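So the mapping is simple: my numbering equals the position in the sequence shown, first residue as 1, plus 325.
Note that the Cβ used here is the ideal one computed from N, Cα and C, for glycine as well.
Please read these numbers as outputs of a predicted model, since none were measured by experiment.
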Amino acid sequence: MTEKEFQKLCTGTPSGTTLLFHYKGSVIRGRFVGCAEDEIVIEANGRHHVWPRELCDYEESSFPFPPSYS
């Protein structure tokens, strides 16, 4: 994810927005909590997870699918 995409996500995504993360063949559905210095914080399965920006790709999709990150 580029710095510009990261800033767009952090400033333009309301807390609680549903997100999908794809990682090693698994899909994790979570809610956006916020951004740390260079990480994305999501809540999934009752736990907070930190995803480093450099491991994420940014992809937007329209309703009914939320933005997707991998």
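{"query": "What do you get for LEU344, buried or exposed, if any count of 16 or more other CB atoms within 10 angstroms of its CB means buried?", "result": "buried"}
{"query": "In chain order, what residues of the same chain lie with their CB nearer than 6 Å to the CB of ILE365, ignoring the 5 residues before and after it?", "result": "TRP376"}
{"query": "For LEU334, which of HIS374, HIS373, ALA361, ARG354 has the nearest alpha-carbon?", "result": "ALA361"}
{"query": "How would you write the range of the alpha helix (DSSP H) that CYS335 sits in, first residue to last?", "result": "328–337"}
{"query": "Please list the terminal residues of the continuous beta strand (DSSP E) segment that includes ARG354.", "result": "351–360"}
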